[in-house]
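> Residue numbers (the working numbering), protein chains in the order written: chain A, 161 to 501; chain B, 161 to 501; chain C, 161 to 501; chain D, 161 to 501. The beta-carbon is built from N, C-alpha and C at its ideal position, and this holds for glycine as well. Submitted below is the structure of interest, expressed as structure tokens.
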């Protein structure tokens with residue numbers, strides 16, 4: 161950690177600071193500049209609080225050099241983490257997984273049908289929302305546990321593992337019972353109590369990036385889950401909020417190489433929420449695969465115009481099938497493959 | 161609601177849509193343009209889902225005309241809401257409230273001391289965090305219930321009502337017992353299960369704006385609480401995330417007149433989190449009051465350099481007192497006053 | 161155009177507005193809603209100024225339905241524009257062009273050498289900056305005309321056409337003389353006098369997206385050039401400014417399908433400025449091609465550590481060659497090819 | 161400057177770097193950490209290019225400690241700069257200036273009338289656009305020199321100095337002849353050739369912040385002008401682009417104390433462009449004054465509904481007068497005053 165002191169800091173203030181750091185077991189190196197003095201701290205600085213140091217009126221600036229995350233940090237764990245989802249391996253050199261399904265579960269027969277079509281098209285897992293985060297209290301809030309049961313039936317028919325979003329820790333038992341990957345949604349990426357709760361499980365967790373969270377904050381949320389003991393974290397980029405309003409969000413594909421460089425966790429892309437427009441999904445899916453993503457999660461609905469939510473960003477099954485076919489070609493072009501059941 | 165159809169939409173598709181809207185009790189008016197056709201829907205469109213309509217391949221665009229919120233909408237409730245906090249009236253023509261206190265509660269004597277200094281300086285309520293949302297799992301997470309008990313003691317000594325952040329619905333009983341205003345933090349602004357939970361109480365709720373949420377989304381979150389039956393909502397702006405990195409966030413003071421125009425709810429400003437820098441707090445506090453805010457919530461700490469969190473954005477009690485004095489003058493200049501105990 | 165009037169607008173105000181629109185040759189359709197009245201205007205609304213209409217105190221909202229651009233609008237010009245650059249066709253079904261070269265021209269032998277290496281690696285045009293937009297007045301500002309002459313020499317040796325940035329209209333003659341594609345940089349995307357100046361030429365123009373400009377504003381800047389008579393516009397995405405600071409900018413690849421849908425112009429991607437980090441360029445180049453881009457413009461330097469600018473985002477020639485090879489495979493996977501000299 | 165090297169950097173690479181810095185007259189201090197090595201450079205680092213250093217593959221990170229600006233830096237010039245505009249002093253302890261006038265000049269009698277009303281209301285300078293930056297090539301582009309002549313006439317009648325925007329260096333002579341403060345607009349904040357051109361004058365320059373530029377970039381643009389020899393720079397905040405769409409831009413009032421802390425230049429606020437909504441101007445004007453701004457620039461039009469541009473954000477003269485009256489009270493509350501002619 162590098163601490164810049166204002167020129168003119170009184171000697172006793174400097175000594176107080178040095179003493180404070182040394183009693184925490186850190187070694188302090190000082191550089192005297194023309195307009196500033198600089199401390200370089202050597203040792204385990206992860207426990208230091210930058211903001212507390214910055215509160216000192218003589219401190220101009222504090223900069224962390226080592227990343228604040230450890231368990232997720234590739235520097236300390238060079239091998240790729242591979243997450244096992246009912247026998248499907250996600251991450252590392254494994255085939256790319258394509259997950260499909262509706263925004264909201266709308267009933268058993270609907271869910272069974274869409275799962276069958278997803279499987280037929282080449283998807284290897286299904287998604288579906290039973291509890292829905294909706295901006296309006298007047299909008300459909302999801303079928304709840306009944307929705308999870310519908311997905312369970314669809315899994316029985318197709319064998320596809322289930323991804324579904326958990327919004328509240330008091331529903332964890334239901335999710336452990338029915339779901340194969342528990343999704344933490346973008347709006348809950350910094351719901352730290354929820355992160356701690358899923359950190360105690362060993363179920364795979366799909367951690368979506370918050371709509372205005374930095375890559376570092378996102379990794380820190382993964383770190384919360386891992387610090388609780390659950391190492392099965394899959395990261396998912398779903399677009400960030402920017403000034404551009406043509407798309408629902410701005411898909412940040414540069415996170416794919418960055419996450420692979422900074423962490424050892426698998427990363428998948430959600431082009432549906434990122435763009436909010438089914439016409440853009442094919443193009444962004446192919447781009448995600450070319451960029452090196454370990455998977456895709458795509459909204460698929462038999463009849464998007466009648467979907468209970470997110471119709472405008474859902475693919476029809478035939479279109480989804482075309483996308484999967486094209487993904488296979490791009491995967492091959494970069495020396496990978498798409499998972500086939 | 162205005163729906164734009166692509167030119168060339170087949171007549172049966174148009175008729176299907178008209179039929180669909182009419183069976184929902186809406187009146188459909190159609191305008192034929194050069195390159196588009198437009199439907200104007202008259203009736204209660206709040207229950208319509210724009211995205212579902214947009215999923216229709218012939219639909220170019222959907223625009224809501226009426227705001228999607230009702231209970232919080234000034235159009236349907238022209239008088240200002242005034243929230244009673246242990247006898248202190250917040251909002252409307254009432255005096256401006258200034259809330260002070262530490263980021264984190266650090267113990268009983270500390271909390272009692274800071275509450276006394278806040279009161280002495282002219283603050284009328286105290287803030288303090290018992291459960292802390294921290295980006296890092298390795299950072300101090302708050303004293304928990306013990307922290308609430310410390311605040312309770314400080315209230316007994318000073319009479320100042322308590323504002324504290326609730327992060328998880330399973331702690332509601334503690335908060336109902338000890339706290340006078342329950343704060344929903346920026347990271348939980350769209351934690352809809354938490355909003356529903358506090359909607360069932362009648363305690364005042366301080367709803368902070370999410371760091372990347374639009375004004376409309378923020379009002380919709382207030383609507384969640386009000387739809388549950390709790391009308392005692394106070395909104396709080398605490399800065400939004402932008403590209404600028406000199407400040408922690410960008411304080412958006414234009415929300416003050418906008419919130420007053422769109423809703424009937426009180427609005428207060430948090431210059432501490434907005435700027436992240438104690439040197440900017442005085443200036444932003446005065447600006448907030450001049451803009452018409454109903455209150456301020458400011459971090460105050462006896463010894464910011466030793467604060468367990470957020471030291472760099474905390475005022476020392478003497479500085480806080482100066483800020484309160486200056487606020488009184490600006491309040492007077494715009495024909496208002498600051499609440500005095 | 162759809163204009164929403166507040167409920168309670170007096171009849172004479174409504175009639176005044178209707179009259180105002182009718183005298184401009186527009187047909188006015190009115191829909192009476194519960195809380196609002198709505199006018200639908202039919203006719204050529206491109207010349208109307210939304211903001212002027214919005215200035216009327218009875219107007220709640222104004223929404224344009226038809227896009228404000230015409231010459232660049234695919235609706236009125238369904239065939240792809242193909243731009244001829246010294247015999248190389250850019251856009252439409254033509255092979256993808258890969259442009260390489262240094263941020264700044266640093267001398268004749270350097271430029272000749274890098275052009276030769278770009279060509280050898282599979283690039284079909286060279287880039288190089290002679291006039292450099294630098295944030296600091298103390299930074300190297302480019303070699304000026306001498307830089308253009310160095311590029312001219314490099315073209316004589318290799319045959320590669322030249323792309324270079326024009327910052328000021330008073331240098332247009334130099335650029336017409338030496339350069340094959342005139343680049344308008346991100347910071348000048350809304351330098352309207354410069355756009356008008358290059359609109360009078362028939363040279364191809366590479367129009368970079370401004371760092372905080374919407375897609376619509378970008379297309380409107382292309383419209384400025386085309387309205388002046390120059391139809392040879394190539395659009396170039398180079399990343400937008402967001403809250404994320406790990407990358408220099410956030411590359412918005414969704415513009416590729418959007419630009420192709422809204423306009424008929426070619427679109428290329430600049431992964432170097434978008435990411436600011438050479439380690440991310442390969443991944444983003446492959447993604448851009450998979451997304452459907454018509455070309456790439458990549459910074460290449462023999463010795464990035466000694467580059468006079470932008471070293472950290474430049475590829476070494478060997479790495480550039482690898483990227484081109486991989487691009488060819490991805491291009492093939494989506495049914496396209498990379499231009500080969 | 162602090163340079164972080166990756167652990168494992170070979171000794172000869174480290175020595176090469178040390179040698180490179182030492183030959184530039186810098187003193188190099190090295191700190192050996194657990195996972196990184198750090199260089200602290202002492203000496204004049206303003207001329208170093210961070211990006212060039214970052215291009216070295218062993219460099220993890222480069223951080224500047226001293227600000228990259230000098231002439232505008234308060235550290236080296238502690239006294240406030242006061243800019244003289246035809247005898248009106250702007251900045252320092254001087255009275256606050258309020259500038260009013262239309263977005264576009266629309267003719268002589270209109271301009272004379274509005275200038276008279278601005279003066280009567282308490283404004284001390286007039287604004288007016290003769291050359292207009294418009295997003296659309298089909299929108300009104302300004303009256304050009306004729307517009308400047310109209311303002312000249314209005315100045316003859318009222319004595320109010322003129323502020324007007326220069327878009328292109330080839331019009332500088334006109335501006336020197338007619339205008340008292342030359343405005344550089346937000347879209348040209350990084351039009352470096354234009355900055356260099358006005359840097360050669362001694363006319364006061366009003367430098368607006370670009371809509372997505374950081375405070376540091378803005379100061380660097382002031383530095384361009386000052387480096388050319390023109391020290392008469394007034395900064396103007398006019399809102400930045402964010403995700404919020406209710407307002408045209410987000411007004412960042414925290415720049416007022418920041419600019420005063422980092423630089424010695426005067427800072428004024430433009431609430432009209434910042435909000436894009438006349439109903440928000442009063443509130444934001446009072447807030448700006450309370451925050452410590454040295455002036456306001458407000459759009460005023462006799463008849464906003466008929467304005468040739470920006471009608472929705474213009475005040476009528478009577479409303480402008482009210483705003484000025486209220487500003488006087490807030491100014492007094494903070495110990496300042498508003499300039500009176």
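Looking at the strands, I want to know which residues DSSP matches up with residue 396 (chain D).
On the fourth chain, position 236 is the one that residue 396 (chain D) refers to. DSSP output for residue 396 (chain D) lists D:368, D:428 as bridge partner(s).
> For the stretch 419–432 of chain B against the stretch 423–430 of chain D, are there 3 or more C-beta pairs whose distance is under 8 Å?
No, the stretch 419–432 of chain B does not touch the stretch 423–430 of chain D.
> Are the CB atoms of residue 359 (chain B) and residue 390 (chain B) within a distance shorter than 7 Å?
In the second chain, residue 390 (chain B) corresponds to position 230, counting from 1. In the second chain, residue 359 (chain B) corresponds to position 199, counting from 1. It is a contact, given that the beta carbons lie within the stated cut-off.
> Closer than 8 Å, Cβ to Cβ, to anything on chain D: give me those residues from the stretch 412–426 of chain B, in chain order.
Those would be 412, 413, 414, 416, 417, 418, 421, in chain order.
> List the residues of chain A that residue 471 (chain B) touches, going by C-beta distances under 9 Å, in chain order.
What you label residue 471 (chain B) is simply residue 311 of the second chain in a count that begins at 1. By Cβ distance, chain A contributes 209, 211, 212, 213, 214, 215, 216.
> Under 8 Å by Cβ, that's how I've got residue 456 (chain C) and residue 259 (chain C) pegged, so tell me the actual separation to the nearest angstrom.
The residue labelled residue 456 (chain C) in the question sits at position 296 within the third chain. The residue labelled residue 259 (chain C) in the question sits at position 99 within the third chain. Yes, they are in contact, since the Cβ atoms of residue 456 (chain C) and residue 259 (chain C) sit about 7 Å apart, within 8 Å.
> So which of C:376, C:286, C:228, C:355 has the shortest CA-CA distance to residue 246 (chain C)?
Here the question's residue 246 (chain C) lines up with position 86 in the third chain. When each option's Cα is compared against that of residue 246 (chain C), the closest is C:286.
> Taking Cβ-Cβ distances below 7 Å as the criterion, which residues of the stretch 332–362 of chain B are in contact with chain A?
The residues in question are 347, 348, 350, 351, 352, 353.
> Are residue 271 (chain C) and residue 299 (chain C) touching if we call contact CB-CB under 7 Å?
By 1-based counting over the third chain, the position of residue 271 (chain C) is 111. By 1-based counting over the third chain, the position of residue 299 (chain C) is 139. In this structure, residue 299 (chain C) does not lie closer than 7 Å to residue 271 (chain C) by Cβ.
> I need the straight-line Cα distance from residue 317 (chain A) to residue 459 (chain A), nearest angstrom please.
Counting from one through the first chain, the residue named residue 317 (chain A) turns up at place 157. Counting from one through the first chain, the residue named residue 459 (chain A) turns up at place 299. Computed Cα separation, rounded: 20 Å.
> Return the residue from the list C:497, C:392, C:380, C:339 that minimises the CA-CA distance to residue 362 (chain C).
Residue numbering aside, residue 362 (chain C) sits at position 202 when the third chain is read from its first letter. Of the candidates C:497, C:392, C:380, C:339, the one whose C-alpha sits nearest the C-alpha of residue 362 (chain C) is C:392.
> Spatial neighbours of residue 350 (chain B) within its chain, please: CB distance less than 8 Å, with the 5 preceding and 5 following residues excluded, ordered by chain position.
One-based indexing of the second chain puts residue 350 (chain B) at position 190. Excluding residues within five positions, the ones whose Cβ falls inside 8 Å are 370, 373, 377, 381.
> For residue 370 (chain B), return the contacting residues in chain C, with the cut-off set at a CB-CB distance below 8 Å.
For the purposes of this step, residue 370 (chain B) is taken as residue 210 along the second chain, with counting starting at 1. Per Cβ cutoff of 8 Å: no residues; residue 370 (chain B) is ~13 Å from chain C at best.
> Please decide whether residue 225 (chain B) counts as near chain C, where near means a Cβ-Cβ distance under 7 Å.
Numbered from 1 along the second chain, position 65 holds the residue referred to as residue 225 (chain B). With 7 Å as the cut-off, residue 225 (chain B) counts as an interface residue toward chain C.
> Hey, is residue 383 (chain A)'s beta-carbon within less than 7 Å of any beta-carbon in chain B?
Counting from one through the first chain, the residue named residue 383 (chain A) turns up at place 223. By this cut-off, residue 383 (chain A) is an interface position.
> Listing by chain order, which chain D residues have their CB less than 9 Å from the CB of residue 405 (chain A)?
Here residue 405 (chain A) corresponds to residue number 245 of the first chain, with the count starting at 1. The answer, in chain order, is 403, 405.
> Any chance the stretch 201–220 of chain A sits against the stretch 468–485 of chain B, with 3 or more Cβ pairs inside 8 Å?
Touching, yes, given that three or more Cβ pairs across the two stretches are closer than 8 Å.
> Quick one, which of C:181, C:256, C:182 has its alpha-carbon nearest residue 494 (chain C)'s?
Looking up residue 494 (chain C) in the third chain gives position 334. Out of C:181, C:256, C:182, C:256 has the C-alpha closest to the C-alpha of residue 494 (chain C).
> In the DSSP output, which residue or residues are listed as bridge partners for residue 456 (chain C)?
Within the third chain, numbered from 1, the residue matching residue 456 (chain C) stands at position 296. Beta-bridge pairing links residue 456 (chain C) to C:258, C:429.
> Can you name, in chain order, every residue of its own chain whose Cβ lies under 6 Å from the Cβ of residue 275 (chain A), other than the five neighbours on each side?
Sequence index remark: in the first chain, residue 275 (chain A) carries index 115 (1-based). Excluding sequence neighbours, residue 275 (chain A) sits near 286, 314, 318, 320.
> If contacts are defined as beta-carbon pairs under 8 Å, then residue 461 (chain C) and residue 262 (chain C) qualify, I think. What distance do you get, rounded to the angstrom?
The count along the third chain starts at 1 and reaches residue 461 (chain C) at position 301. The count along the third chain starts at 1 and reaches residue 262 (chain C) at position 102. That belief holds up - the Cβ atoms of residue 461 (chain C) and residue 262 (chain C) are roughly 5 Å apart, short of 8 Å.
> Just checking, does the stretch 435–443 of chain D make contact with the stretch 224–241 of chain D on the three C-beta pairs under 8 Å criterion?
No, the stretch 435–443 of chain D does not touch the stretch 224–241 of chain D.
> Could you list which residues in chain C have their beta carbon closer than 7 Å to that of residue 295 (chain D), in chain order?
For this step, residue 295 (chain D) is matched to residue 135 along the fourth chain. Correct list: 377, 380.
> Expressed to the nearest angstrom, what Euclidean distance is found between the alpha-carbon atoms of residue 353 (chain B) and residue 496 (chain A)?
Counting from one through the second chain, the residue named residue 353 (chain B) turns up at place 193. Counting from one through the first chain, the residue named residue 496 (chain A) turns up at place 336. Between residue 353 (chain B) and residue 496 (chain A), the C-alpha separation is close to 41 Å.
> List the whole-angstrom C-beta distance separating residue 475 (chain D) from residue 448 (chain D), where the pair is believed to meet the contact cut-off of C-beta under 8 Å.
Here residue 475 (chain D) corresponds to residue number 315 of the fourth chain, with the count starting at 1. Here residue 448 (chain D) corresponds to residue number 288 of the fourth chain, with the count starting at 1. No, residue 475 (chain D) and residue 448 (chain D) are not in contact; Cβ-Cβ is about 15 Å, not under 8 Å.
> Can you find at least 3 beta carbon pairs, one from the stretch 164–177 of chain B and one from the stretch 192–203 of chain B, that sit closer than 8 Å?
Output reads yes: the stretch 192–203 of chain B touches the stretch 164–177 of chain B.
> What residues of chain B sit near residue 327 (chain A), judged by a beta carbon separation below 9 Å?
The residue you call residue 327 (chain A) lines up with position 167 of the first chain. Per Cβ cutoff of 9 Å: 351, 352, 353.
> So, helix, strand or coil for residue 423 (chain D), using DSSP?
In the fourth chain, the residue the question calls residue 423 (chain D) occupies position 263. If DSSP states are grouped into helix, strand and coil, residue 423 (chain D) belongs with the strands.
> Give a yes or no on whether 7 Å exceeds the smallest Cβ distance from residue 228 (chain B) to chain A.
The residue you call residue 228 (chain B) lines up with position 68 of the second chain. Chain A, which has a Cβ nearer than 7 Å to the Cβ of residue 228 (chain B), makes this yes.
> Taking Cβ-Cβ distances shorter than 7 Å, what residues in chain C pair up with residue 464 (chain D)?
Position 304 of the fourth chain, counted from the start, is the residue given in the question as residue 464 (chain D). Within 7 Å Cβ-Cβ: 215.
> At a CB distance below 9 Å, what residues from the stretch 449–461 of chain C approach chain A? Give them in sequence order.
Those would be 449, 450, 451, 452, in chain order.
> Using the beta-carbon of each residue, which ones in chain D are nearer than 9 Å to residue 374 (chain B)?
Taking the second chain and counting its residues from 1, one reaches residue 374 (chain B) at position 214. Correct list: 403, 404, 405, 406.
> What's the C-alpha gap between residue 446 (chain D) and residue 484 (chain D)?
By one-based count along the fourth chain, residue 446 (chain D) stands at place 286. By one-based count along the fourth chain, residue 484 (chain D) stands at place 324. Going from the Cα of residue 446 (chain D) to the Cα of residue 484 (chain D) covers about 9 Å.
> How big is the Cα-Cα spacing for residue 174 (chain D) and residue 385 (chain A)?
By one-based count along the fourth chain, residue 174 (chain D) stands at place 14. By one-based count along the first chain, residue 385 (chain A) stands at place 225. Cα to Cα, residue 174 (chain D) sits roughly 39 Å from residue 385 (chain A).
> I need the boundaries of the beta strand (DSSP E) containing residue 244 (chain D), first residue and last residue.
One-based indexing of the fourth chain puts residue 244 (chain D) at position 84. Per DSSP, residue 244 (chain D) belongs to the beta strand (DSSP E) from 243–245.
> Given a threshold of 16 other Cβ atoms within 10 Å of its Cβ, counted over all protein chains shown, does residue 185 (chain A) qualify as buried or as exposed?
Against the first chain, residue 185 (chain A) aligns to sequence position 25. It counts as exposed.
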